[in-house]
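What follows is one structure encoded as structure tokens, with my remarks underneath.
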Amino acid sequence: MGTIRALIWSVLSGGFVYLYMTNHFIKANWVALVWIAMFAWQLTVSCNKKGTTRQ
């Protein structure tokens, strides 16, 4: 599972850099939004699994 997760993060990061460097700013912004949403989701799930959320 960790390998798949690392592959997804790498593809998103590489895709963002490629689009940004080739002046596709609007597409790069969409990739960045997906990256941010996935990061927030992963952080939320990770905290919920560890039981570190306040109730």
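For the sequence shown, my numbering begins at 189 and goes up steadily by one.
By construction, the Cβ of each residue, glycine as well, lies at the ideal position given by its N, Cα and C atoms.
My assumption, with CB atoms under 8 Å, is that residue i sits in contact with residue j. Please give the rounded CB distance.
i	j	result
residue 223	residue 204	7 Å
What residue from the options has the CA that sits closest to residue i's CA?
i	options	result
residue 220	197, 239, 232 and 236	197
State the DSSP-derived secondary structure class of residue i, mapped to helix, strand or coil.
i	result
residue 209	helix
residue 203	helix
residue 226	helix
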